[in-house]
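These notes concern the structure reproduced below.
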Amino acid sequence: MDIKVLPGRRSPLGATWDGQGVNFALFSENATDVEVCLFDMDDPTVETARVRLRDRTAHVWHGYIPGLKPGQPYGFRVEGPYEPRWGLRFNPTKLLLDPYARAVAGKVQWAPEVFGYPLGEEDLVKDERDSAAAMPRGIVVDDQFDWKGDRPLRTPWHRTVIYEAHVKGLTALHPDVPEKLRGTYAGVAHPAVVEHLKSIGVTALELLPIHDFVDDGYLSEKGLTNYWGYSTLNYFAPDARYSGSGDTGGQVREFKEMVRALHAAGIEVILDVVYNHTAEGNHMGPTLSFKGIDNPTYYRLMKDDPRYYMDYTGTGNTLNARHPQVIKLINDSLRYWVQEMHVDGFRFDLASTLAREEHAVDRLSSFFDVIHQDPVLSEVKLIAEPWDIGEGGYQVGNFPVLWTEWNGKYRDDVRTFWRSDPGTINEMAYRLTGSSDLYGDDGRKAYASINFITAHDGFTLHDLVSYNKKHNQANGEENRDGHDHNISYNFGAEGPTGDPAILAEREKQKRNFLATLLLSQGVPMLCGGDEMGRTQGGNNNAYCQDNEISWLHWDVDERGQDLLEFTRRAATLRREHPVFRRRHFFQGRKIRGSELEDITWLRPGGDEMTDEEWNSDVRSFGMLLGGDAMLEWDEQGERVEDDTFLLLFNGAPEPQGFTLPATPTPAHWEVVLDTSRPASEQDERRMDPQSSFEMPGRSMAVLRRR
143 MDIKVLPGRR SPLGATWDGQ GVNFALFSEN ATDVEVCLFD MDDPTVETAR
193 VRLRDRTAHV WHGYIPGLKP GQPYGFRVEG PYEPRWGLRF NPTKLLLDPY
243 ARAVAGKVQW APEVFGYPLG EEDLVKDERD SAAAMPRGIV VDDQFDWKGD
293 RPLRTPWHRT VIYEAHVKGL TALHPDVPEK LRGTYAGVAH PAVVEHLKSI
343 GVTALELLPI HDFVDDGYLS EKGLTNYWGY STLNYFAPDA RYSGSGDTGG
393 QVREFKEMVR ALHAAGIEVI LDVVYNHTAE GNHMGPTLSF KGIDNPTYYR
443 LMKDDPRYYM DYTGTGNTLN ARHPQVIKLI NDSLRYWVQE MHVDGFRFDL
493 ASTLAREEHA VDRLSSFFDV IHQDPVLSEV KLIAEPWDIG EGGYQVGNFP
543 VLWTEWNGKY RDDVRTFWRS DPGTINEMAY RLTGSSDLYG DDGRKAYASI
593 NFITAHDGFT LHDLVSYNKK HNQANGEENR DGHDHNISYN FGAEGPTGDP
643 AILAEREKQK RNFLATLLLS QGVPMLCGGD EMGRTQGGNN NAYCQDNEIS
693 WLHWDVDERG QDLLEFTRRA ATLRREHPVF RRRHFFQGRK IRGSELEDIT
743 WLRPGGDEMT DEEWNSDVRS FGMLLGGDAM LEWDEQGERV EDDTFLLLFN
793 GAPEPQGFTL PATPTPAHWE VVLDTSRPAS EQDERRMDPQ SSFEMPGRSM
843 AVLRRR
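Last residue of the sequence shown? That's 848 in the numbering used here, and every number before it is there in order.
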């Protein structure tokens, strides 16, 4: 096939259609030659042409081919030295996926040919077999889309409620979603799903990884899949496994339609992104993309022996976020998802890895500098998972000012308090008030804390209160995988039970956790399905379970419906009362014209806590929030005022009486939430000031001053 190739341009990288043809551009500092492989549009297994990119500018190989159209499948072959001892792994017999491909058709097939060396031998020997038959193709796309006036929602952080979910798992079993849409981007945008999210106060949907990813070979051998998706192959293409519109560009359009529909309902979209490692593994892993394009550019190699990879992620490799081209790749990807796909923010998996310069985590690293200076990325929601597995990787509280963080201390301290451990109220108080001990002295506000009790990685809320040990046998690793430690509360029965008393105690603990989460300062994150009592049967590492173990079950029983109703009630309190979602930390003082301090800590007797009690074994306390003492202003510049609320916490297993504070005559206290009662039994009981309010063991109550 005779194809004319023009010089083209070095930017933008990837394959760009301009209406007349396609410009190809690929960065490789160490390559000696680059070819574009074109495949038949009707049968992408058939290679129709190989075109050499003769022009090279600033380490970018580029060329323009007139006449090519959207839907064109393609890949690259890159020549250069195969010298693994020096970190160089070029092998032109391996078809390579474009790192900038906007759509990907097909999946990696785990054939021996996808490895750069003869499988079963040392990686120092070069394999000469062609890998094209086992590789996916990049697809040229047309970026045009009618957004119908869609604009960023820019929901303020203090008004944000996040719901973490999996695209497929959210809708795979939803009875109101048409079967052909279940498990797809279109399914997520279905009105039945949107209405559910809005009913529990969700303002942002955080999706587990949707960047095109690989099903690991060892999982495929066991008949399992990489359900969570933390094995990225391409940082621009939405994975077509969640598309009902095909894999030749339809997945891009369907993703945009999902975002547009969610925005119309007032729900932002946050992506869980994995810029810390890729699917290519260590020196014994396959050659799929980055490794064959320019291995020492894209990966962090051992300084003294570049045959091997630095591994701060536990996956075999670490992306080289110190290299200017890799920083450019990450930022180009992020900007693409914001500007072209209208995404509202990102949760960065193992974000500490991106902050490593030589070895130590550096909050002033190049990666953060670039993000902060970028006029697009500095305006979106940035969430760090503030740890990795390397030395010094636990960095909760240490990220820069524009960042929020998954607050691991919130999860641990709240769990510990509700387990009835003594000596926990000091830490609990910090978590309830936005964790000022972590974020109060570095220019950040209370909403820097992303509060969560459970997440995709670990037990669901139901399983947290039902199991004391993991049950991961279905993962095929003899229950060795997943976390061993658990501070659960099975109340005398491991797993399912018919004992009414145990079931009632478990339901109460779920309500404790949900009420605490939704009424704490900071940003609450619900794990999808927790509001309905979703169970994984005790599996706390369901990363490979693309089945009913992981999927949300919508046909919930009476207890699940009651829990959902309770969640809605607590979410309504948060939405309607700004005292539960302050932007600023509490000051512990009055302001002019107020009767109360903005926050007062109370003993069960009704008077203020003493210094000695904060460090004692006391497990019961009250938190009085003075709604008229808030130093907060709304978007119109008006000072925000609210009702005064009293939150009572009894973390002890025994009942506890509380003396309610005095109020100005003729005010009284009204019980608006009581975790000791199911939603069906909630009522707004009127309580007189200085009367005794009896609380069962391990329970929480919220009272409003009328």
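Glycine is no exception: its CB is placed at the ideal position from the N, C-alpha and C atoms. Given the structure is predicted, the values throughout are model-derived calculations rather than measurements.
Item                                                                                                                                                                     : Value
Excluding five sequence neighbours on each side, which residues of the same chain lie with their C-beta closer than 6 Å to the C-beta of P438?                           : G229
In chain order, what residues of the same chain lie with their CB nearer than 7 Å to the CB of F791, ignoring the 5 residues before and after it?                        : S762, F763, M842
Please report the straight-line C-alpha distance between A646 and P746, rounded to a whole angstrom.                                                                     : 25 Å
For Y360, count the other beta carbons within 10 Å of its own beta carbon; 16 or more makes it buried, fewer makes it exposed. Which is it?                              : exposed
So the alpha helix (DSSP H) K551 belongs to, where does it begin and stop?                                                                                               : 550 to 560
Could you check what DSSP says for N617 in three-state terms: helix, strand or coil?                                                                                     : helix
With R731 and F722 assumed to form a contact (beta carbons below 8 Å), what rounded beta-carbon distance in angstroms separates them?                                    : Not a contact, Cβ separation roughly 20 Å.
How close, in whole Å, do the beta carbons of V256 and M277 come, if the pair is a contact with beta carbons under 8 Å?                                                  : 7 Å
Are the CB atoms of V202 and A167 nearer to each other than 8 Å?                                                                                                         : yes
When the Cβ atoms of the stretch 456 to 472 are set against those of the stretch 262 to 280, are three or more pairs found closer than 8 Å?                              : no
Assuming contact is defined by CB atoms lying nearer than 8 Å, are L492 and T455 in contact in what I supplied?                                                          : yes
Grab the span of the beta strand (DSSP E) containing S273 for me, first residue to last.                                                                                 : From DSSP, S273 is part of no beta strand (DSSP E); its letter is neither H nor E.
Here's a check: name, in chain order, each residue in its chain whose Cβ is nearer than 6 Å to the Cβ of W370, leaving out the five neighbours to either side.           : L350, Y685
Alpha carbon to alpha carbon, how far is M400 from C179?                                                                                                                 : 32 Å
Between D688 and the ligand ATP, is there a pair consisting of the residue's CB and a ligand heavy atom that are separated by less than 7 Å?                             : This structure lacks the ligand ATP; in fact it carries no ligand of any kind.
Check whether the stretch 283 to 299 touches the stretch 331 to 342, counting contact only when three or more Cβ pairs, one atom from each stretch, lie closer than 8 Å. : no
List the endpoints of the continuous beta strand (DSSP E) containing H338.                                                                                               : It is not in any beta strand (DSSP E) - H338 instead sits in the alpha helix (DSSP H) that spans 333 to 341.
What is the DSSP secondary structure of R819, reduced to helix, strand or coil?                                                                                          : coil
Should K236 go down as buried or exposed, given a rule of 16 or more other Cβ atoms within 10 Å for buried?                                                              : buried
Mind the definition here: the stretch 582 to 596 touches the stretch 530 to 545 only if three or more C-beta pairs lie below 8 Å; say whether that holds.                : yes
When the Cα of G535 is compared with those of D182, W775, D453, G670, which residue comes out closest?                                                                   : D453
I'd like the span of the alpha helix (DSSP H) that includes W882, first residue to last.                                                                                 : Residue 882 lies beyond the range of the chain shown here (143 to 848); nothing can be said about it.
Just reading off the alpha helix (DSSP H) that Q481 is part of, what are its end residues?                                                                               : 466 to 481
Exposed or buried, what is A571 when buried is set at 16 or more other beta-carbons lying within 10 Å of its beta-carbon?                                                : buried
Relative to the alpha-carbon of S494, which residue among L476, W529, K310, G311 has its alpha-carbon at the smallest distance?                                          : W529
Tell me which same chain residues have a C-beta within less than 6 Å of the C-beta of T786, skipping the five on either side of it?                                      : G768, G769, R847
Quick one: which unbroken beta strand (DSSP E) runs of 3-plus residues sit fully inside the stretch 782 to 810? Chain order, please.                                     : 787 to 792, 798 to 801
Taking 8 Å as the cut-off, decide whether the C-beta atoms of Y216 and A157 are in contact.                                                                              : yes
If I follow the unbroken beta strand (DSSP E) through E836, where does it start and stop?                                                                                : 834 to 837
So, at 6 Å on beta carbons, what are the nonlocal neighbours of D816 in its own chain, with the 5 sequence-adjacent residues on each side left out?                      : A843
Compute the beta-carbon to beta-carbon distance between E410 and G487, rounded to the nearest angstrom, for a pair I have assumed lies under 8 Å.                        : 7 Å
Give a yes or no on whether the C-beta atoms belonging to N593 and M674 are separated by under 8 Å.                                                                      : no
Is the beta carbon of R701 less than 8 Å from the beta carbon of E649?                                                                                                   : yes
Nearest-angstrom Cα distance between E636 and Y609?                                                                                                                      : 5 Å
Quick one: what's got a C-beta closer than 6 Å to G539's C-beta in the same chain, skipping five residues either side?                                                   : L580
Select from F633, P638, E780, Y478 the residue whose C-alpha is nearest the C-alpha of L155.                                                                             : Y478
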